[in-house]
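For reference, the structure is listed below as structure tokens.
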Amino acid sequence: MDLVKAARRGRQAAFLQLFDDHHLPLFRFAYRLTGSVADAEDIVQECFLQLLRPECAYDPRRTSVRTYLFGVVRNQSLKRLRNDLKGEASLHPNNEPSPESEAIHAELENAVARAVAQLPESQSEVLILAHYEHLPLAEIARIMALDVGAVKSRLQRARASLKETLAAYAPDSQRSLERRP
Amino acid sequence: MNDAELDELLNTWTAPPPPPSLRENVLAVGWQSRAPRPRKRMFVAAILAAAALLLVVAQARPGSPPVRIPYTVDSEFIRYANDGSSSIEMVTISYQINGAEILRSRFIPGHPFGTALGRALDATLPLWSRLMARLTVDPEMSEKLQRHVPHTIGSITGCDASCLVLQRYFFARGAGADSACLDGAIVAHETILNYPTTAVQPRMGGSVRMTWWTAPDLGCFALRVTTEEKQPDGTFRLVSEKRALRINVQ
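Chains as they are written, first to last, in the numbering used here: chain A, 16 to 196; chain B, 9 to 258.
Below you can see the structure in the form of structure tokens.
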């Protein structure tokens, strides 16, 4: 019996197995999309609860549970981001520039986070799933309801855009940053 | 910047680990409130198993009598509708002992499951009543009730709408020299299935009138009972009837 079916039938061990297998990449994905640990926590929690609901649309014949869960996290994250934008909240908690006194690594990390957050939504999702979660393009296509070609072109555009945005932080430039007093 | 350099830069953006509270919250908030509970299921299964066992026991031992029974009476219970039509709602086999009618078995025509369930309830409800009486009635009151029992005559008069639960009435015994078993207005003397009976209407009040045809030779068994309801024009309409079909002398 598959884990989802067993969990829905009340087997806690199956539910915990599902959680342990999937929650880390889901949390990272949610965090990178929203930039908030609290939001990511809420989203992942909601994602697993959704799986247990009787009206849950998950169908093992159509998709894997990982793909379904990533899809739920994506939808929940985008919903939160849009609500935050309506309320004029910041897009990313780390988008304030770090003071020069902070570690170079922290500055780089913030710069990368800002650059990814500034990408168009559809490009940042593809980049995060492909680069950080190492998902195959075909699976990303299923999560985002796109064809593989569209995913590939969005990924290429995202990477091209990031190369421009982060040009100042390229390894040569980075070494010059490290030499700053 | 080449692809490898971009990947190196992208890798500087790390995600924090999820807080330990995440697992606890999913379990506490999610699982406990949303998942089906095995314990609840087990409880329901236990109830169903107990009910099934009760049905089997009730089927296997329909009213096993505690004493020697001199006779049994087969009775049918008829329900009369407003339009005058009638239907047999139940058939019983019973006998009378110490003024109370004891059910030996019964069946609901055309409803085998209802019959089985009704028998199970017949076996269970008296036990439940005794248990509740012990818990809720104080011993003094219980003793008074026990003293009152020999002065009453009881009879099964029908069943509820689903016919799962029996209806019983008890009235005071007759104390006069007219050989009537019940205290009340004597309305007729009649012989039913070769046994002389006296028809008595006990005092009830309200809009219901009952008439009991009791046979002194059968321990005051009610061979016929009619229940009538008062209509707006003051007349009475027959709503139900118990009628003896056969007397089986042992």
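From the three backbone atoms N, C-alpha and C, an ideal C-beta is built for every residue, glycine too.
Fair warning: this is a prediction, and the values are worked out from it, not measured in the lab.
Spatial neighbours of residue i in its chain, beta-carbon cut-off 6 Å, leaving aside the 5 residues before and after
i, result
"Ala-223 (chain B)", "Tyr-203, Thr-205, Phe-229, Leu-231"
"Asn-110 (chain A)", "Confidence is the limiting factor: at Asn-110 (chain A) the pLDDT is only 46, short of 50, which leaves the residue's position unreliable and the question unanswerable from this model."
"Ile-101 (chain B)", "Thr-80, Asp-82, Arg-112, Ser-113"
"Leu-18 (chain A)", "Ala-29, Gln-32, Leu-33"
"Lys-94 (chain A)", "none"
"Tyr-88 (chain B)", "Ser-94, Leu-246, Val-247"
"Arg-181 (chain B)", "His-159, Ile-161"
"His-149 (chain A)", "none"
"Phe-85 (chain A)", "Ile-158"
Unbroken alpha helix (DSSP H) run spanning residue i, endpoints
i, result
"Ser-79 (chain A)", "Taken as a continuous stretch (DSSP letters only), Ser-79 (chain A) belongs to no alpha helix (DSSP H), as it is neither H nor E."
"Pro-210 (chain B)", "That residue, Pro-210 (chain B), is in no alpha helix (DSSP H); it is neither H nor E in DSSP."
"Ser-176 (chain A)", "163–180"
"Glu-154 (chain A)", "152–159"
"Ser-139 (chain A)", "136–142"
"Val-34 (chain B)", "Here Val-34 (chain B) belongs to no alpha helix (DSSP H), and DSSP marks it neither H nor E."
"Ala-22 (chain A)", "18–23"
"Leu-14 (chain B)", "11–18"
Closest residue to residue i among the options (Cα-Cα distance)
i, options, result
"Ala-207 (chain B)", "B:Glu-237, B:His-197, B:Ser-215", "B:His-197"
"Pro-134 (chain B)", "B:Ser-163, B:Leu-174, B:Gly-118", "B:Leu-174"
"Gln-239 (chain B)", "B:Ser-215, B:Arg-127, B:Gly-182, B:Ala-180", "B:Ser-215"
"Phe-42 (chain A)", "A:Glu-124, A:Val-88, A:Leu-134", "A:Val-88"
"Arg-26 (chain A)", "A:Leu-142, A:Leu-67, A:Ser-79", "A:Leu-67"
"Thr-49 (chain A)", "A:Arg-23, A:Glu-136, A:Asp-35", "A:Glu-136"
"Pro-27 (chain B)", "A:Asp-35, A:Val-52, A:Ala-45, A:Phe-44", "A:Val-52"
"Val-233 (chain B)", "B:Leu-253, B:Gln-258, B:Ser-163", "B:Ser-163"
"Arg-169 (chain A)", "A:Arg-157, A:Val-141, A:His-149", "A:Val-141"
"Asn-125 (chain A)", "B:Leu-56, B:Tyr-177, B:Ala-23, B:Leu-201", "B:Ala-23"
"Pro-69 (chain A)", "A:Arg-23, A:Ala-145, A:Ala-173, A:His-146", "A:Arg-23"
"Gly-122 (chain B)", "B:Ala-108, B:Arg-254, B:Ala-169", "B:Ala-169"
"Lys-250 (chain B)", "B:Val-37, B:Arg-176, B:Cys-189", "B:Arg-176"
"Ala-182 (chain A)", "A:Val-127, A:Pro-75, A:Pro-40, A:Ala-160", "A:Val-127"
"Trp-221 (chain B)", "B:Thr-243, B:Leu-190, B:Asn-106, B:Arg-211", "B:Leu-190"
"Glu-109 (chain B)", "B:Gly-126, B:Leu-125, B:Thr-165", "B:Thr-165"
"Gln-166 (chain A)", "A:Ala-55, A:Lys-178, A:Ala-185, A:His-146", "Inspection of the sequence shows that residue 166 (chain A) is occupied by Val rather than by Gln. Comparing Cα-Cα distances from Val-166 (chain A) to each of A:Ala-55, A:Lys-178, A:Ala-185, A:His-146, the minimum goes to A:His-146."
"Met-212 (chain B)", "B:Leu-201, B:Leu-226, B:Ala-193, B:Ala-12", "B:Ala-193"
"Asp-36 (chain A)", "A:Thr-180, A:Ser-79, A:Asp-74", "A:Ser-79"
Cutoff 7 Å; reference residue i; Cβ partners in own chain excluding five residues on either side
i, result
"Met-98 (chain B)", "Phe-85, Arg-114, Ile-116, Cys-167, Cys-171"
"Arg-245 (chain B)", "Glu-236, Glu-237, Gln-239"
"Glu-154 (chain A)", "Thr-82"
"Ile-77 (chain B)", "Tyr-103, Gln-258"
"Glu-61 (chain A)", "Gln-91"
"Glu-16 (chain B)", "none"
"Ala-163 (chain A)", "Here the sequence assigns Val to residue 163 (chain A), which means Ala is not the residue at that position. These residues qualify, in order along the chain: Leu-152, Ala-153, Ala-156."
Same chain, Cβ closer than 8 Å to residue i, five either side skipped, listed in chain order
i, result
"Asp-38 (chain A)", "Reading off the sequence, residue 38 (chain A) comes out as His, not Asp. So the qualifying residues of the chain are Val-59, Phe-63."
"Ile-143 (chain A)", "Phe-44, Arg-47, Leu-48, Val-131"
"Arg-76 (chain A)", "none"
"Ala-175 (chain A)", "none"
"Ile-200 (chain B)", "Trp-221, Ala-223, Leu-231, Arg-232, Ala-252"
"Leu-134 (chain A)", "Leu-142, Ala-173, Ser-176, Leu-177"
"Met-218 (chain B)", "Thr-165, Tyr-177, Gln-209, Pro-210, Met-212, Val-233, Thr-234, Thr-235, Glu-236"
"Arg-254 (chain B)", "Val-81, Asp-82, Leu-201"
Three-state secondary structure (DSSP) of residue i
i, result
"Ser-83 (chain B)", "strand"
"Asn-90 (chain A)", "helix"
"His-197 (chain B)", "strand"
"Cys-62 (chain A)", "helix"
"Arg-43 (chain A)", "helix"
"Glu-232 (chain A)", "No answer is possible for residue 232 (chain A): the residues shown for chain A start at 16 and end at 196."
"Pro-27 (chain B)", "coil"
"Ala-128 (chain A)", "helix"
"Thr-22 (chain B)", "coil"
"Arg-76 (chain B)", "coil"
"Arg-26 (chain A)", "coil"
"Leu-183 (chain A)", "Leu is not the amino acid found at residue 183 (chain A); the sequence shown has Ala there. Here Ala-183 (chain A) sits in helix by DSSP."
"Met-218 (chain B)", "strand"
"Ala-89 (chain B)", "coil"
"Ala-55 (chain A)", "helix"
"Ala-188 (chain B)", "coil"
"Ala-124 (chain B)", "helix"
"Ala-131 (chain B)", "helix"
Limits of the unbroken beta strand (DSSP E) element including residue i
i, result
"Ser-248 (chain B)", "244–257"
"Val-99 (chain B)", "94–105"
"Tyr-177 (chain B)", "174–180"
"Glu-70 (chain A)", "Neither: Glu-70 (chain A) is in no beta strand (DSSP E) and is coded neither H nor E."
"Arg-232 (chain B)", "229–238"
"Cys-167 (chain B)", "160–167"
"Ser-113 (chain B)", "108–115"
Chain-ordered residues of the stretch 137–150 of chain A with a beta carbon less than 9 Å from chain B: Leu-142, His-146, Tyr-147
Proximal residues, the stretch 9–24 of chain B versus chain A, C-beta separation under 9 Å: Met-9, Asn-10, Asp-11, Glu-13, Leu-14, Asp-15, Glu-16, Leu-17, Leu-18, Asn-19, Thr-20, Trp-21, Thr-22, Ala-23, Pro-24
Residues within the stretch 64–82 of chain A neighbouring chain B, beta-carbon criterion of under 8 Å: Leu-64, Leu-67, Arg-68
Contact set between the stretch 150–177 of chain A and chain B, restricted to residues whose Cβ is under 9 Å from the partner: Arg-174, Leu-177
Chain B contacts from the stretch 36–61 of chain A (Cβ-Cβ distance under 8 Å): His-38, Leu-39, Phe-42, Arg-43, Tyr-46, Arg-47, Val-52, Ala-55, Glu-56, Val-59, Gln-60
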